[in-house]
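Below is one structure; the comments refer to it alone.
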Amino acid sequence: MTSKRYHLNTDISSLAGIGPNIKNILNGIGIHDVFDLVFYFPRYYKDYTNTKKIIDINIDDEITLQGEILLSRLLRTRKKIYEVVLNDGSGNFKIIWFNPIYKYLKENFEKGKWVVLSGRAVKSNSSRYLQIINPPPENYHILDSNPELVDFGGISPIYPLTRGLSQNRIQKIFKELLKNIDLDKLNILSHDIKKKYALEDVSESILNIHLPPKNNGFVDLSSSRSVYSSVWHRSFVFFEFLILCLGIREKNQNKDDQSGIPHILKKNDSFYEKVKKSFPFELTKAQEKVLGEIVLDMTSTKQMNRLLQGDVSSGKTIIALLSMAISYDNNLQSVMIAPTEILADQHYYFFSRYVKNEELVILKSSLSTKEKDKAYDVIQSGEVKIIIGTHSLFQDKLKYKDLGLVVIDEQHRFGVVQRKLMVGKGNSPDILTMTATPIPRTLSSIFFSDFDVSIIDSLPPRRGEVETQIENLENIEKVFELLENELNKGRQGFIVCPIIDKSENPEFKNLLDVQSVYLELSKNHLKKYNLEMLHGALSSEKKEKIMNNFKDKKIDILISTTVIEVGVDIPNATFMVINNPERFGLSQLHQLRGRIGRGPNDSYCILINNKINDDSNKRLSIFKEISDGFVLSEKDLEIRGPGAFYGAGVEQSGKFWDLYLANLKRDLHILKDAKNCSEIIESFDFYKKNNKVFDNLIFKIWGEKLELTKTI
774 MTSKRYHLNT DISSLAGIGP NIKNILNGIG IHDVFDLVFY FPRYYKDYTN TKKIIDINID
834 DEITLQGEIL LSRLLRTRKK IYEVVLNDGS GNFKIIWFNP IYKYLKENFE KGKWVVLSGR
894 AVKSNSSRYL QIINPPPENY HILDSNPELV DFGGISPIYP LTRGLSQNRI QKIFKELLKN
954 IDLDKLNILS HDIKKKYALE DVSESILNIH LPPKNNGFVD LSSSRSVYSS VWHRSFVFFE
1014 FLILCLGIRE KNQNKDDQSG IPHILKKNDS FYEKVKKSFP FELTKAQEKV LGEIVLDMTS
1074 TKQMNRLLQG DVSSGKTIIA LLSMAISYDN NLQSVMIAPT EILADQHYYF FSRYVKNEEL
1134 VILKSSLSTK EKDKAYDVIQ SGEVKIIIGT HSLFQDKLKY KDLGLVVIDE QHRFGVVQRK
1194 LMVGKGNSPD ILTMTATPIP RTLSSIFFSD FDVSIIDSLP PRRGEVETQI ENLENIEKVF
1254 ELLENELNKG RQGFIVCPII DKSENPEFKN LLDVQSVYLE LSKNHLKKYN LEMLHGALSS
1314 EKKEKIMNNF KDKKIDILIS TTVIEVGVDI PNATFMVINN PERFGLSQLH QLRGRIGRGP
1374 NDSYCILINN KINDDSNKRL SIFKEISDGF VLSEKDLEIR GPGAFYGAGV EQSGKFWDLY
1434 LANLKRDLHI LKDAKNCSEI IESFDFYKKN NKVFDNLIFK IWGEKLELTK TI
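When the count follows my numbering, it moves up by one through the sequence shown with no breaks and lands on 1485 for the last residue.
Here it is as structure tokens:
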């Protein structure tokens, strides 16, 4: 009788070991067919190759052993303890659990069964046997009989679990499945590609990732990266990235340009010209170039979808205002969305210098119900032409009269689906997304390929220099001397802390917090100055009042969290002290530093180095020496990965960025190879013969999610 062969589209209910209950559990985590299951990869591996006989084990040895269960019982002492005694023919060994889940242990650790166990051996004064205490489930395997040597001492994959799914169960399912599976349809990599990029077949890679071969250097416990540099992992990660890059490329090649609103650029007596002439400065060449690109887009019959990248304080808001003025001149509404109320307020105050009060409105969650209802009415009636707001602008009940332009500020702070919802509010409005977090070219060329990209690559003149210093706590008096010198000149500044107040969490015990720093400085070093706290736990009204007082110079120093990271424009602020800078990425530090140096005076950004490790010291040194945000973004990608360059929001924790095995930080070099391969794919033997196979894989792996790249 031949074994049943499983194919990628086989429903998981056909697999041995998957009954209705397990099927429902697997369905709940997105596993419906064999394709989904074989792409459900281990989180990591346990190395059971360092095996020892019990008689040869010493105290503190990290070991793996096997033994038959001689005794399994609950000790009814004052504190409940469950013990299991094993024997391998050379001696006895104990497993001890404190405060155990009694029923689970009793049902699974039955006398006569065999256990493969891994962990650190310790000795108790009350026991004559060595023991392992409270081993997690991934550190042991329970077997019905003595394991054969060929099955013992191997490398065990450890899978992510969900309620009702155990390691033993999922491993048994895979062991049976992979003996009888046909994965040949995944072997899309021809010999010339495998040779060029040093890869193996995808089918072999999947088999070896789930059932790692023994004694081939697959696992090296001294390095968590070593597993993922195996040829099997590298080959699958390349495959995964290649399908993504080809999917995006194919979508872009086949896309039909969306018809848009053909704006007319009016010059004589136009709001656009009035705003432009009223600026107390001339636009920089970089701003004029970007503005010209936007004008061409907006006056065409195609929908604009442009990404504007500009370093902190490069003048993106000015470009946004002029773009919105074009819609205004065409009797259309435009909307500008900001991720925080502080930033929305900043935009509103800036716009109010140029836009009549009755034609400008702000919508945010902190408004009263009466104020919100009024905003809804004037927006829906078309009475206001320029709308500023936060997430409130996404609401279903909010209707626009004639929406001509959507400007999304700090685009990475919004989720993909949120942005797509906003774009759908009008009849194909033009889209201008802006970011002050420069996107590394590696990511931009792949994930932002649907955008036309504009870059403001120079700062406006008449700005003071910003000097970045790294100081130790031992030199804190020197720091206060610098601050007092600036304050005595009538200047203002910021002191940034990573948390609001003291935390009981051991991970945060050495972090300086806003409240403690405020109390200390207001009583001692800076007691003769006006200090105020600013953080996210304050009400919107309180934050707005504090910011207004700071602008009016009623406050000398803001002691703040990163709530001031974007949108705070105080030209008189000339210093910033950042505590625990090791907690922030390079791009976030750069955003914070961008809050100073916005006026004509020289400024100082001081990082307080609290004896951190060499890696952090190296990173801070990079930040000290480099002021170009685009260069820093590339460094940040190398060091911390791409997290900061994605959108926020719950949507982004789902499948769109949840790659099966690839990790963008760890595998960036493989992504570059896959991108290169996708660009020269026609030069390889297999591509033209397998277009349909590629189309099927692209749809199966990414499906409609690729459409969201338009609003990434």
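C-beta atoms are modelled at their ideal positions from N, C-alpha and C, and glycine is treated no differently.
For the candidate residues the options, whose alpha-carbon lies nearest to that of residue i?
i	options	result
Ile928	His914, Ser918, Gly937	His914
Val1118	Glu1317, Asn831, Leu1017, Val1269	Reading off the sequence shown, one finds Asp at residue 1118, where the question assumed Val. Selected option, being the one with the closest Cα: Glu1317.
Gly937	Ile1395, Leu799, Ile954	Leu799
Leu890	Phe1323, Glu835, Tyr877, Pro933	Glu835
Lys1457	Lys968, Asn1200, Tyr818, Lys1408	Going by the sequence as given, residue 1457 is Phe instead of Lys. Closest option to Phe1457, Cα to Cα, is Lys968.
Phe1467	Leu1038, Tyr1291, Phe1224, Glu1023	Glu1023
Ile1091	Leu1470, Val1048, Asp1230	Val1048
Leu1017	Ile1453, Lys1465, Leu1432	Leu1432
Val1179	Gln1060, Lys1300, Val1269, Met1207	Met1207
Lys867	Ala1209, Ile854, Lys876	Ile854
Phe1124	Lys1145, Ser1138, Lys1089, Gln1153	Lys1089
Lys1062	Asp955, Tyr970, Ser1231	Ser1231
Ala1209	Ser1201, Ile1181, Pro1202	Ile1181
Is DSSP giving residue i helix, strand or coil here?
i	result
Arg1264	coil
Gln1106	strand
Ser995	Confidence at Ser995 is low in this model, with a pLDDT of 42, below 50, so the placement of that residue should be treated as unreliable; the coordinate-derived value is given next. If DSSP states are grouped into helix, strand and coil, Ser995 belongs with coil.
Val895	strand
Thr1113	coil
Glu1488	The requested residue 1488 is not part of the displayed model; the chain covers only 774 to 1485.
Trp887	strand
Asn1078	strand
Glu1424	Summary for Glu1424: the model assigns pLDDT 34, below 50, so the residue's position carries little reliability, and this model does not support an answer.
Trp870	strand
Gln1168	coil
Pro910	helix
Pro793	helix
Tyr855	strand
Leu1292	helix
Gln940	helix
Leu1178	strand
Asp834	coil
Ile1037	coil
Asn919	coil
Where DSSP assigns a beta bridge to residue i, which residues make up the other side?
i	result
Asn865	Asn860
Gly1348	Correcting the residue identity first, residue 1348 is Phe in this sequence and not Gly. According to DSSP, Phe1348 bridges with Gly1266, Tyr1377.
Ser1141	Bridge partners of Ser1141: none, in fact.
Gln904	Lys867, Val895
Asn1382	Asn1245
Glu1305	Leu1331
Less than 6 Å between C-beta atoms, sequence neighbours within five positions excluded: which residues of the same chain meet that for residue i?
i	result
Leu1380	Ile1243, Ile1351, Pro1354, Leu1393
Trp1475	Gly1020
Leu959	Val975, Ser976
Glu973	Val1004, Ser1008
Lys1158	Tyr1101, Gln1106, Glu1132
Cys1270	Leu1285, Asp1286, Val1287, Val1290, Asn1352
Asn941	none
Within 10 Å of its beta-carbon, does residue i have 16 or more other beta-carbons around it, so buried, or fewer, so exposed?
i	result
Asn1567	Residue numbering for the chain in the displayed model covers 774 to 1485; residue 1567 lies beyond these limits and cannot be assessed.
Ile869	buried
Ser1360	buried
Phe1054	exposed
Leu848	exposed
Phe1011	buried
Pro815	buried
Leu1069	exposed
Thr1163	buried
Gly1367	buried
Gln1031	exposed
Phe1472	exposed
Asp1150	exposed
Arg901	exposed
Leu1094	buried
Could you name the residues of the same chain whose beta carbon sits closer than 8 Å to that of residue i, not counting the 5 residues immediately before and after it, in chain order?
i	result
Lys884	Ile842, Leu843, Leu844, Ser845
Asn953	Ser776, Lys777, Arg778, Tyr779
Ile832	Ala894, Val895, Lys896, Leu903
Phe1253	His1298, Leu1299
Looking only at its own chain, which residues have a Cβ that is under 7 Å from the Cβ of residue i, when we skip the five neighbours before and after it?
i	result
Lys1198	Tyr1173, Leu1176
Asn872	Lys853
I want to check one thing, is the minimum distance from the CB of residue i to the heavy atoms of the ligand PLP below 7 Å?
i	result
Leu848	The ligand PLP is absent from the structure shown, which contains no ligand whatsoever.
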